[in-house]
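Quick note on numbering: full-length UniProt numbering labels position 43 of the sequence shown as 43, and the sequence is numbered without any gaps. The C-beta atom is built at its ideal place from N, Cα and C for all residues, glycine as well. Only one structure is covered here, and it is reproduced in the block below.
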Amino acid sequence: MRSFFIALQFLTRIQLRRQTQWTNEDFGRSVLCFPLVGVLIGGVLCIVYAGSTFFFSNDYAAVLVIGAWFLVTGGLHADGFMDTADGIFSGRSRERMLEILKDSRVGANGVMAFFFLAVLKISFLANIPSAIVPAALIAIPAAARFGTLISIFEFPYARKEGLGRAFIQYAPPYTLAAAFVLALIPVAYGGFFCLILLGAAMMISLCANRYITCVLGGVTGDTYGAVLELSEMLLLGLTAVLFH
Numbered sequence: 001m002r003s004f005f006i007a008l009q010f011l012t013r014i015q016l017r018r019q020t021q022w023t024n025e026d027f028g029r030s031v032l033c034f035p036l037v038g039v040l041i042g043g044v045l046c047i048v049y050a051g052s053t054f055f056f057s058n059d060y061a062a063v064l065v066i067g068a069w070f071l072v073t074g075g076l077h078a079d080g081f082m083d084t085a086d087g088i089f090s091g092r093s094r095e096r097m098l099e100i101l102k103d104s105r106v107g108a109n110g111v112m113a114f115f116f117l118a119v120l121k122i123s124f125l126a127n128i129p130s131a132i133v134p135a136a137l138i139a140i141p142a143a144a145r146f147g148t149l150i151s152i153f154e155f156p157y158a159r160k161e162g163l164g165r166a167f168i169q170y171a172p173p174y175t176l177a178a179a180f181v182l183a184l185i186p187v188a189y190g191g192f193f194c195l196i197l198l199g200a201a202m203m204i205s206l207c208a209n210r211y212i213t214c215v216l217g218g219v220t221g222d223t224y225g226a227v228l229e230l231s232e233m234l235l236l237g238l239t240a241v242l243f244h
């Protein structure tokens, strides 16, 4: 449970137990619980969606749900998405790109990337039939966070030091297998559709991280967030296409 609480506090604003001091070992063990945190995020979003559609149309409900999505995660992954866009699309050398990723300031590429990310998430969610939305909201955050484990364990880390190093070094040897089991939890609710989303999240993560590795020479904490946000957006789009 300690690992779950650390993962929950790291990935969201939800704090069931306040943890003020984290070690690299704590971070490494918490990776296993990322998909479970995704399931919890999905549950919160389902509550927001149910309350929103009671008063508003699907279009307005989609805006509120995506807003809550960014809020509950504290903008952590969105920040990585913007930093990654600033770095990769800067047209600079690999070393300069990595420096840009570390810069806390957001440039034009990051702003434009986030704008289209938010707009596409809202648009895709608004076009998903109401009966399918709860299953999608539970499955997509869990699937995307399992995709983060693929980013961590299947691709080289671009820096000599960083959070990704702690994840790789201290994660239990059975992390991927155990996390995959946790990522299957939404299948019990949404059936085969949720399994499709999990498979798609894995493919998106593999393709996106391969491209990032070619550009940067590896992945970073910012690119973890970028691939996660990209995965969530594309999975919403896939769901909208499948059930349109």
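Residues sharing a beta bridge with V219, DSSP: Y157
Between the CA atoms of V44 and I14 - distance to the nearest angstrom: 10 Å
Exposure label - G42; buried when at least 16 CB within 10 Å: buried
Close Cβ partners of R145 (< 7 Å) along its chain, the five nearest in sequence each way excluded: F34, P35, V37, G38 and L228
Residue from F115, A200 and T12 whose Cα sits closest to the Cα of L76: T12
Rounded separation between L206 and S231 - CA only: 11 Å
Of the listed residues A226, F193 and L235, nearest to G110 (C-alpha basis): A226
Inter-residue Cα distance where the pair is R165 and Y157: 7 Å
S3 beta carbon less than 8 Å from that of T53: no
Inter-residue spacing [alpha-carbon to alpha-carbon] between L125 and L101: 29 Å
Run of the alpha helix (DSSP H) containing V181, from where it starts to where it stops: T175 to A183
CB-CB length for R29 against P172, believed under 8 Å: 6 Å
C-alpha gap between P186 and S93, whole angstroms: 42 Å
M82 versus V219 - alpha carbon distance: 15 Å
Whole-angstrom C-beta distance between A200 and L242, which should lie under 8 Å: L242 to A200, Cβ: 10 Å. No contact.
Length of the line joining the Cα atoms of L149 and L176: 7 Å
Buried or exposed (CB count within 10 angstroms, at least 16 for buried), V48: buried
Three-state secondary structure (DSSP) of T73: coil
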